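> Residue 3 is where the sequence shown starts when you use the UniProt record's numbering, and the numbers rise one by one after that. We put the CB at the ideal spot given by N, CA and C, even for glycine. These numbers come from a predicted model, not from an experiment.
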Amino acid sequence: RCMSTPLIAILAGDGIGPEVTAEARRVLDALGLDLTFEEALVGGAAYRASGHPLPAATLDLARRADAILFGAVGDPACDTLERALRPEQAILGLRKELRTFANLRPARIFEGLEDASTLKPEVARAIDLVIVRELNGDVYFGEKGRRTNAAGLREGHDLMRYDEDEVRRIARVGFETAAKRRGKLCSVDKANVLETSQLWRDVVIEVAADYPTVELTHMYVDNAAMQLVRNPGAFDTIVTGNLFGDILSDQASMCVGSIGMLPSASMDAGGKGLYEPIHGSAPDIAGQGKANPCAAILSAAMMLRHSLGQAAAADRVEAAVAAALRAGVRTPDLGGDASTRAMGDAVLAAL
Ligand code: NAI
Ligand code: MG
Numbered sequence: 003r004c005m006s007t008p009l010i011a012i013l014a015g016d017g018i019g020p021e022v023t024a025e026a027r028r029v030l031d032a033l034g035l036d037l038t039f040e041e042a043l044v045g046g047a048a049y050r051a052s053g054h055p056l057p058a059a060t061l062d063l064a065r066r067a068d069a070i071l072f073g074a075v076g077d078p079a080c081d082t083l084e085r086a087l088r089p090e091q092a093i094l095g096l097r098k099e100l101r102t103f104a105n106l107r108p109a110r111i112f113e114g115l116e117d118a119s120t121l122k123p124e125v126a127r128a129i130d131l132v133i134v135r136e137l138n139g140d141v142y143f144g145e146k147g148r149r150t151n152a153a154g155l156r157e158g159h160d161l162m163r164y165d166e167d168e169v170r171r172i173a174r175v176g177f178e179t180a181a182k183r184r185g186k187l188c189s190v191d192k193a194n195v196l197e198t199s200q201l202w203r204d205v206v207i208e209v210a211a212d213y214p215t216v217e218l219t220h221m222y223v224d225n226a227a228m229q230l231v232r233n234p235g236a237f238d239t240i241v242t243g244n245l246f247g248d249i250l251s252d253q254a255s256m257c258v259g260s261i262g263m264l265p266s267a268s269m270d271a272g273g274k275g276l277y278e279p280i281h282g283s284a285p286d287i288a289g290q291g292k293a294n295p296c297a298a299i300l301s302a303a304m305m306l307r308h309s310l311g312q313a314a315a316a317d318r319v320e321a322a323v324a325a326a327l328r329a330g331v332r333t334p335d336l337g338g339d340a341s342t343r344a345m346g347d348a349v350l351a352a353l
């Protein structure tokens, strides 16, 4: 491949992963950009072919690629396998190996989808926020264990920890993101109770000195959960740790109509990213052509913007999704009867 032609790894996975990723690929192809694509098996599809959910060749491609477009993994036929062989280990392994520490999850409502939201239309209409979630630390990766304690009771523990460098680098992503948007950053923690959160807050305040144009506020996570459903329009950019970000971003997804609408980017320190819809492999609808491909298509748009320097193309893709929805084309999760392919066709037509 030519040195200047970016290499995109297509890791479609299993379940609805291949169905929605195919539509994202068609949209990328239609843009006429100079891109090279290479596909590899991952998750249940890789397990069936080679006995491992994240084969060495797949990891190698992910490392070589300039960006990764990921579908979904979670084949229920693999549910009885030991943990290390389950499809979900592939995405956890990729995030860890690629050191993608910054997870960006934009949530906004597309025109006309207010009726699909669980919130009142006038509340839903105002949603346009990004959650910046730390992805490589926190209680997920701290020391954990089980034991029988002195009282003879079974006990479990998971250590919550962050060091200041880990907080600083995600805080910077939060400030940079807010600076490019409406200039408002809300740092979410539990500093009234947790020492880890107190450090988090101290470091975020230090980093704020470098971003005088961004208005910084702090919010406890329990209050943030409430505000997200009470008045989500008040949020611009949220920066938070791995655990709080996991919970708040799932909550935010429901406010905008369907999990099939939400893309994400997981970025490393050098601007390389893994792009994926936030949904899983949806075994209940896999293979039926019912899956909403918008989250996958919007993930491809994020890839164009954040890893490939193609902001104009990203804008075009997002506008095409908006236009297709405005024209009334909807998959079943949005209350319509369009197939995955028909939704992709409508986006292509709008492009
Ligand atoms: P899920 O996101 O796959 O599905 C939840 C519900 O949303 C289902 O009813 C599904 O039909 C629906 N849904 C999801 N995506 C949709 C789309 N694009 N269009 C229309 N409807 C959609 O979550 P679930 O059922 O908890 O997990 C299924 C499998 O996926 C599990 O094995 C889980 O571990 C895995 N998973 C994988 C993820 C990944 O690959 N990053 C993320 C989340 C779950
Ligand atoms: Mg989650």
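When the Cβ atoms of the region 85 to 96 are set against those of the region 308 to 324, are three or more pairs found closer than 8 Å?
No: fewer than three Cβ pairs fall under 8 Å.
> Of all the options Ala316, Leu327, Ser301, Ser283, which has the alpha carbon lying nearest to the alpha carbon of Gly15?
Here the closest residue by C-alpha is Ser283.
> With C-beta atoms as the reference, is Ala104 less than 9 Å away from Asp252?
No, these two residues do not count as a Cβ contact at 9 Å.
> Would you report the Cα separation of Ile207 and Thr219, rounded to the nearest angstrom?
Roughly 10 Å between the two C-alpha positions.
> Taking Ala24 as the reference, which of Glu41, Asp36, Gly34, Pro8 has the closest Cα?
Cα-wise, what sits closest to Ala24 is Glu41.
> Hey, which unbroken runs of the alpha helix (DSSP H) at 4 residues or more fall wholly within the region 166 to 213?
Segments of the alpha helix (DSSP H) lying fully in the region 166 to 213: 166 to 182, 197 to 210.
> Given this structure, state the Cα-to-Cα distance separating Glu288 from Leu201, to the nearest angstrom.
Residue identity check: residue 288 is Ala in the sequence provided, not Glu. Their Cα atoms are separated by approximately 44 Å.
> Would you identify the three-state DSSP class for Met269, choosing helix, strand or coil?
Correct three-state label for Met269: strand.
> Can you tell me whether Gly76 sits near ligand 1, meaning its C-beta is under 8 Å from at least one heavy atom of the ligand?
Yes - ligand 1 has a heavy atom lying nearer than 8 Å to the Cβ of Gly76.
> Do Val190 and Tyr222 have their C-beta atoms closer together than 9 Å?
Contact: yes.
> Quick check on this structure: which residue in Leu87, Arg101, Phe177 has the alpha carbon closest to the alpha carbon of Arg65?
The option with the nearest alpha carbon to Arg65 is Arg101.
> Look at the alpha carbon of Asn138 and the alpha carbon of Arg184, and state the distance between them as a whole number of angstroms.
Answer to the nearest angstrom: the Cα atoms are 27 Å apart.
> Let me confirm a value: Val195 is counted as buried when at least 16 other C-beta atoms fall within 10 Å, else exposed. Which label applies?
Classification of Val195: exposed, given that the 10 Å Cβ count is below 16.
> In the DSSP assignment, find the beta strand (DSSP E) that holds Val241 and state where it starts and stops.
From DSSP, the beta strand (DSSP E) with Val241 extends over 239 to 242.
> Are there 16 or more other CB atoms within 10 angstroms of the CB of Ala86, so buried, or fewer, so exposed?
When all chains shown are included, Ala86 counts as exposed.
> Please report the straight-line C-alpha distance between Ile299 and Val331, rounded to a whole angstrom.
For Ile299 and Val331, the distance between alpha carbons rounds to 15 Å.
> With the cut-off set at 9 Å, would you say Ala92 and Gly45 are in Cβ contact?
It is a contact, given that the beta carbons lie within the stated cut-off.
> Jot down the residue ranges of each uninterrupted beta strand (DSSP E) in the region 73 to 142, minimum 3 residues, whole runs only, in chain order.
104 to 110, 130 to 136, all fully within the region 73 to 142.
> Helix or strand or just coil, what does DSSP make of Leu33?
Looking at Leu33 - three-state DSSP - the assignment turns out to be coil, as it is neither helix nor strand.
> Here's the rule I'm using: 16 or more other beta-carbon atoms within 10 Å means buried, otherwise exposed. How should Asp286 be labelled?
The residue in question, Asp286, is exposed, as its Cβ has fewer than 16 Cβ neighbours within 10 Å.
> Could you tell me which residues DSSP pairs with Arg65 in its beta bridges?
Arg65 is not bridged to any residue.
> Let me know the secondary structure DSSP gives Glu40 once reduced to three states.
It is a strand residue.
> Could you check if Ser6 is buried or exposed, using at least 16 other CB atoms within 10 Å of its CB as the buried criterion?
Answer is exposed; the Cβ neighbour count stays below 16.
> May I ask you to check if the CB of Ser301 is nearer than 8 Å to at least one heavy atom of ligand 1?
Every heavy atom of ligand 1 is 8 Å or more from the Cβ of Ser301, so no.
> Let me check understanding here. Comparing Cα to Cα, which of Cys188, Val22, Pro8, Leu121 lies closest to Met263?
Among Cys188, Val22, Pro8, Leu121, the Cα nearest to that of Met263 is on Val22.
> Decide if the region 143 to 150 is in contact with the region 317 to 328; the criterion is three or more beta carbon pairs, one per stretch, under 8 Å apart.
As far as the Cβ criterion goes, the region 143 to 150 does not touch the region 317 to 328, which means the pair count is below three.
> When you compare each of Val29, Ala26, Val75, Arg149 to Tyr49 by their alpha carbons, which one comes out closest?
When only C-alpha atoms are compared, the closest one is Val75.
> Is Asp286 a contact residue of ligand 1, with contact defined as CB to any heavy atom under 8 Å?
Yes, the beta carbon of Asp286 sits closer than 8 Å to at least one heavy atom of ligand 1.
> Give me the Cα-Cα distance between Leu121 and Arg149, rounded to the nearest whole angstrom.
One C-alpha to the other measures close to 44 Å.
> Considering only residues of the same chain and omitting the five flanking positions on each side of Ala322, which have a CB-CB separation below 6 Å?
So the list reads Val349, Ala352, Leu353, once near-sequence residues are dropped.
> Apart from the five residues on each side of it in sequence, which residues of its chain come closer than 7 Å, Cβ to Cβ, to Ile172?
For Ile172, where only same-chain residues beyond five positions count, the Cβ hits under 7 Å are Phe103, Ala104, Val134, Glu136, Val241.
> Taking Asn244 as the reference, which of Tyr164, Lys186, Gly259, Ala181 has the closest Cα?
Looking at the Cα atoms, Tyr164 is the closest of the given residues.
> Sort Ala26, Leu106, Ala51, Asp81 by Cα distance to Lys274 and report the nearest one.
For the residues Ala26, Leu106, Ala51, Asp81, the minimum Cα distance to Lys274 belongs to Leu106.
> Apart from the five residues on each side of it in sequence, which residues of its chain come closer than 6 Å, Cβ to Cβ, to Ala69?
Closer than 6 Å at the Cβ level, and outside the excluded window around Ala69, lie Ile10, Gly275, Met305, Ser309.
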